[in-house]
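Visitor: Residue 33 is where the sequence shown starts when you use our numbering, and the numbers rise one by one after that.
Glycine is no exception: its CB is placed at the ideal position from the N, C-alpha and C atoms.
None of the values given here were measured: they were computed from a predicted structure.
Sharing a structure here in structure tokens format.
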Amino acid sequence: MEYAPLGLIGLLTPQANTTVEPEAWALLPTGYSLINGRLVSQAPSLDQRLLDYFDQLESSMLQFGNAPLSVLALACTGSSYLMGREKEAQWVHAWQARLNIPVVTAGMAVAAALKTLGARRLDLLSPYPADLTQASIAYWKSHGFDIGTVQAVNSSDPGFHAIYTTSSESANSAAQALSASSADAVLMLGTGMPSLKTLLTQRARPGPPWLSSMLALMWQSVAAIPSTPPRPSDLQTWLDAGHWADRAQAMGFARKA
């Protein structure tokens with residue numbers, strides 16, 4: 033394919049999420065491309081919508097037609113929390129067998145990235161309501177991680193959605209509370225909170241590595257493609273932002289540290 037000589041990612045994004053696509057395009061290394069579809073649910077509650085996103089994958093996949101996907105990536109960590117680690121792993125295994133391509137969830141990608149880093153104790157930066165934050169804590173603990181400080185990020189203007197309207201400025205402000213973190217890693221929760229400015233800011237400061245759900249998802253999606261060479265598979269190159277800092281700056285939503 034002209035624009036995807038190294039691999040094409042089928043990316044599925046929650047219906048009102050406005051953060052996934054721009055961050056995905058900024059993070060992708062040269063040679064990879066993506067097509068995006070929407071995870072849709074009319075359920076009135078957030079929890080039920082998150083569960084529907086995984087339960088209704090078959091209809092969501094219709095958006096991709098017969099496009100030659102190299103990997104399927106689900107950009108919704110909340111669904112992982114509510115499904116739970118064991119059921120999620122079984123679900124991924126079943127869909128991989130059915131599609132005959134790797135299937136990557138944001139939750140499992142973050143867990144894989146943290147284990148690659150050798151992290152055990154995490155501090156969390158969370159834009160979620162309290163109940164979803166607690167569900168995330170249970171999920172990370174089920175993967176064997178210990179949780180230290182949990183710092184809330186509050187949107188200054190909730191607008192149409194409290195998470196998707198969170199600004200980088202709000203995230204950076206909340207991040208200051210973790211400036212003396214003694215954890216092995218700091219995790220920015222969710223794919224809906226803008227993360228690239230904060231990652232670039234924290235990269236230049238002493239302390240533990242900072243990781244976001246989107247960075248982990250795109251790293252794992254690229255690494256899961258069998259033909260991916262070693263360098264794009266190396267998590268540290270993503271944390272160093274060597275291939276994406278200039279692009280994020282050029283796109284206007286991140287400044288180089």
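1) Which residue from D87, S92, P61 puts its Cα closest to that of W270?
2) Could you pull the DSSP bridge partners for M283 from this structure?
3) Check M225 in the structure and name its three-state DSSP category.
4) How is Q268 classed by DSSP in three states: helix, strand or coil?
5) What residue range does the alpha helix (DSSP H) around W127 cover?
6) Tell me whether the beta-carbon of T230 lies closer than 9 Å to the beta-carbon of W242.
7) Hey, could you find the ends of the alpha helix (DSSP H) W251 is sitting in?
8) Check whether the Cβ of P76 lies closer than 8 Å to any heavy atom of the ligand GDP, and answer yes or no.
9) On the three-pair Cβ rule with 8 Å, is the stretch 211 to 225 touching the stretch 136 to 156?
10) Report the CB separation of Y85 from S77 in whole angstroms; it is logged as a contact under 8 Å.
11) With distances taken Cα to Cα, identify the nearest neighbour of S265 among E55, L59, V52.
12) Quick one: any contact between the stretch 120 to 131 and the stretch 172 to 186, if contact means 3 or more CB pairs under 8 Å?
13) Just to check my reading of the structure: A145 and Q281 have Cβ atoms closer than 8 Å, yes? What is that Cβ distance to the nearest angstrom?
14) So for N98, helix, strand or coil by DSSP?
15) Are C311 and L131 touching if we call contact CB-CB under 9 Å?
16) According to DSSP, is A215 helix, strand or coil?
17) Please list, in chain order, all residues of the same chain as L228 whose beta carbon is under 7 Å from its beta carbon, the five residues on each side excluded.
18) Taking W14 as the reference, which of E90, Y160, A99, R117 has the closest Cα?
Guide: With the structure as the only source:
1) P61
2) Answer by DSSP bridge pairing: none, since M283 is not bridged.
3) coil
4) Q268 falls in the helix class under three-state DSSP.
5) 117 to 131
6) yes
7) From DSSP, the alpha helix (DSSP H) with W251 extends over 245 to 256.
8) In the structure on display, the ligand GDP does not appear, and there are no ligands present to speak of.
9) yes
10) Their Cβ separation, rounded to whole angstroms, is 13 Å, which puts Y85 and S77 out of contact at 8 Å.
11) L59
12) no
13) Contact doesn't hold; Cβ gap of about 23 Å is too wide.
14) coil
15) What is shown of the chain runs 33 to 289, which leaves residue 311 out entirely.
16) coil
17) In chain order, E55, A58, A280, F285, A286 place their CB closer than 7 Å to the CB of L228, counting only its own chain and leaving out the 5 sequence neighbours on each side.
18) What the structure shows of the chain is the stretch from 33 to 289, and residue 14 is not part of that stretch, so it cannot be assessed.
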